[in-house]
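Residue numbers (this note's numbering), protein chains in the order written: chain E, 1 to 436; chain R, 1 to 331.
So, in structure tokens, the structure goes:
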């Protein structure tokens, strides 16, 4: 396997090296470490050693020439005869296609050389060879103009012009292939212009980026789709800070998205999905069909009962007692009751059994029943419409109380509503009878 | 408007300021006849002479120290550091002396010094000549840090830097010296701490610094074809930072990617992302993403080197992920 001898980069800002002299001739045996050639840069002249042992062959750049950094200038082969031509050493695609990509044309690529440190492009003034022409490595292939000067550039390879990838008068970036030299005479040599190529590939590509051609028409804004459902193992709903804030501000309940099976994490766009979910809270239509029942108690026993409970049983939370009496009026083994009093809502879990077992529940829990304690307000009559659960309002009426039950039709049937309010009225009138 | 290269823009800025103020001078390696390896300073020594365009030996700590002293005593040096990577050599002069002198002298002394240097990989210059080290100095109170993203910024920021009474470090991207941009003929300055909204958008904000501004703009082009409207913002100076402009955009689009060519860890991207997270949290619909250079020494091998820096394709891909509502990191 022959070893490429390349022009090394000896300085930071060096693009080409000037070969001062070869210390070996083609066919000479070389040993790893032997000085192969001398190269001059803007800083210094250096000797370059052979990186392997073999025979120097296929010398492509003579003493006195400037060669771009990284270009292969000779081979170190296993035999003095070399490989019979450098083009064969490199990957050669199989066929020349009719309208080829430059990279698909078989042969050695000739690149736009860097002639100055501060040069990005070169203007091709003229081609000295035409597609299909035979060319020797030392033949002048083209003239290039930079901001400094116009220079003739040698072909660098023996063979035939398989393709010219830019037209005279066009600028090409340094390092870009502008011609291809093939070992064999090409059947269909190509002349392309850079303009045509860039038009074909959509747009000129910046060096750090080659955007792929994009198919027209511009597609719609991407919609969220088949995103993997993610669920936090802590049970917390995964939502962006902005989605949470907007949900809070707009009174939207993210748990409804969870129940609807909408995949997390939630973003602002998911709030639209939330808003479009069928509403499970009472709507205006349901409110119109809401139940509204009122019970009047000429006397009440609840005030005395709270004092008695505090004194004899140490039950100081009158809201808990209210929750207990309300829950007992429901036909449930364990009820969750929200009690709204003095502008504050507390939620209780009420098991069947003694009032001492009533405990405050998770504030996020969904109540089965809500009790609105208005005894300390001047409100006497309530008609607020149905809410997420049945609501019992307790207001003062003369020496007694006015109890109002409001609920949506689906929450309680008519007879259930009547039973609930009757039970509750009885318990508020004579709480001790409930205990007995 | 005429277009000039970033090199020419820097050259013009220096020449104009040197004509305006005779205390301005340039000091560094290969700044005079050689005009720097990137030919940025070509012609200046002919106009201003070797007394004001001063070639030094290869001794960065020495000439940096000279410049700090010269700045304290009434001149305005522009120190040319050939590669940003050499900033390690001048850290004491820059961070312990220049940055702190005004503070420690109780305001009696100023160090009106500009350190001109560069950043940027993909020039096949290997690990010791390809670093983007602006985060190192942005960390030090007392230093201002400018990152021009085009010839226009390079000129306007350089002139502002020279007139600043405190030390300023300017990092030019060494791959952009030949990039042209429209630059007015008439004099102009670009104030520090004023971000430039390069492109308005509504879906996602791409904050880029230096050459990453161009990467973000190319990413925005890709995204536009897919129906995603990206806003591209160039802070122009990272110290001081135009936080207000960045937060305003973050609140507008709810999604942000910060792109910078310094190493990602403990870098500029993390600082900017952190501020947006703190101050625009309730407006974010997705995590703020950082895109810096890979946390590896910059490889010499071109195929590997190209993988270490953000590209329009990788920025666009991350933008698509944020837009799709994908869970970026596990729950």
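C-beta: ideal position from N, C-alpha, C; glycine also. Values in this document were obtained by computation on a predicted structure and should not be read as measured data.
| task | Return no unless some Cβ of chain R is closer than 8 Å to the Cβ of residue 243(E). | result | Residue-level contact check: residue 243(E) touches chain R, since one or more beta carbons of chain R fall below 8 Å from its beta carbon.
| Contacts that residue 269(E) makes with chain R (C-beta to C-beta distance below 9 Å) | Below the 9 Å Cβ cutoff, chain R contributes 285, 325 as neighbours of residue 269(E), in chain order.
| Looking at the structure shown, is residue 423(E) part of a helix, part of a strand, or coil, going by DSSP? | helix
| How would you label residue 387(E), buried or exposed, when you count the other beta carbons within 10 angstroms and need 16 or more for buried? | buried
| request: Decide if residue 25(E) is buried, meaning its Cβ has at least 16 other Cβ atoms within 10 Å, or exposed. | output: Taking a 10 Å sphere around the C-beta of residue 25(E), we find fewer than 16 other C-beta atoms and assign the residue as exposed.
| task | Quick one: grab the DSSP three-state call for residue 170(E). | result | coil
| field | C-beta neighbour in chain E for residue 88(R), strict 8 Å | value | no
| query | Does DSSP classify residue 20(R) as helix, strand or coil? | reply | helix
| Contact under 8 Å by Cβ, residue 74(E) with residue 19(E) | no
| Can you tell me whether DSSP reads residue 9(E) as helix, strand or coil? | Note: residue 9(E) maps to coil in three-state DSSP.
| query | If you run the structure through DSSP and keep just helix, strand and coil, what is residue 151(E)? | reply | Here DSSP, grouped into helix, strand and coil, assigns residue 151(E) to strand.
| Under 7 Å Cβ-Cβ, which residues of chain R neighbour residue 120(E)? | Going along chain R in sequence order, the residues near residue 120(E) (Cβ under 7 Å) are 178.
| query | Would you call the stretch 140-153 of chain R and the stretch 173-193 of chain R touching, i.e. three or more CB-CB distances under 8 Å? | reply | yes
| query | Given a threshold of 16 other Cβ atoms within 10 Å of its Cβ, counted over all protein chains shown, does residue 80(E) qualify as buried or as exposed? | reply | exposed
| task | Using a Cβ cut-off of 8 Å (strictly closer), state whether residue 276(E) contacts chain R. | result | no
| message | Taking 8 Å as the threshold (beta carbon to beta carbon), is residue 254(R) in contact with chain E? | response | Nearest CB-CB separation between residue 254(R) and chain E: below the 8 Å threshold.
| query | For the stretch 249-265 of chain R against the stretch 195-214 of chain R, are there 3 or more C-beta pairs whose distance is under 8 Å? | reply | A contact between stretches requires three or more CB pairs, one per stretch, nearer than 8 Å, and the stretch 249-265 of chain R meets this requirement with the stretch 195-214 of chain R.
| said: Given 7 Å as the limit, tell me if residue 193(R) has its C-beta closer than that to any heavy atom belonging to the ligand ZN. | reply: What this structure holds is no ligand at all, so the ligand ZN is not there to describe.
| said: Quick check for students: name the residue ranges of the alpha helix (DSSP H) that lie wholly in the stretch 344-432 of chain E, counting only runs of 4 or more. | reply: Runs found: 414-429.
| request: List the endpoints of the continuous beta strand (DSSP E) containing residue 196(R). | output: Counting along the chain, the unbroken beta strand (DSSP E) around residue 196(R) starts and ends at 196-199.
| Starting from residue 55(R) and walking both ways along the beta strand (DSSP E), at which residues does that stretch end? | 53-55
| Cβ separation of residue 395(E) and residue 374(E), assumed to be a contact under 8 Å, to the nearest whole Å | 4 Å
| message | I'd like the span of the beta strand (DSSP E) that includes residue 32(E), first residue to last. | response | No beta strand (DSSP E) holds residue 32(E); DSSP gives it neither H nor E.
| task | Can you give me the Cβ contacts of residue 199(R) inside the same chain, cut-off strictly under 8 Å, excluding the 5 residues immediately before and after it? | result | 217, 220, 230, 231, 232
| query | Alpha carbon to alpha carbon, how far is residue 9(E) from residue 177(R)? | reply | 20 Å
| request: Compare the Cα-Cα distances from residue 72(R) to each of 195(R), 109(R), 60(R) and report the closest residue. | output: When each option's Cα is compared against that of residue 72(R), the closest is 109(R).
| request: Identify whether residue 96(R) lies in helix, strand or coil by the three-state DSSP scheme. | output: helix
| Is residue 265(E) close to chain R, meaning its C-beta is less than 8 Å from at least one C-beta of that chain? | yes
| query | Relative to chain E, which residues along the stretch 265-298 of chain R have a C-beta separation below 7 Å, given in chain order? | reply | 281, 282, 283, 284, 285, 286
| field | Assigned secondary structure, residue 118(R) (DSSP; H/G/I helix, E/B strand, else coil) | value | Residue 118(R) falls in the strand class under three-state DSSP.
| query | Which chain R residues are close to residue 240(E), counting only those with a beta carbon under 7 Å from its beta carbon? | reply | Within 7 Å Cβ-Cβ: 284, 285, 286.
| request: Spell out a yes or no on whether the stretch 170-178 of chain E and the stretch 186-198 of chain E are touching, meaning 3 or more CB-CB pairs, one atom from each, closer than 8 Å. | output: yes
| the stretch 316-326 of chain R in contact with the stretch 154-171 of chain R per 3-pair CB rule at 8 Å | no
| said: For residue 113(R) and residue 80(R), what's the separation of their Cα atoms in angstroms? | reply: Going from the Cα of residue 113(R) to the Cα of residue 80(R) covers about 11 Å.
| message | Can you confirm whether the stretch 294-314 of chain E touches the stretch 328-340 of chain E when touching is taken to mean that 3 or more C-beta pairs between the two stretches lie within less than 8 Å? | response | no
| How about residue 177(E) and residue 72(E): do their beta carbons lie closer than 8 Å? | no
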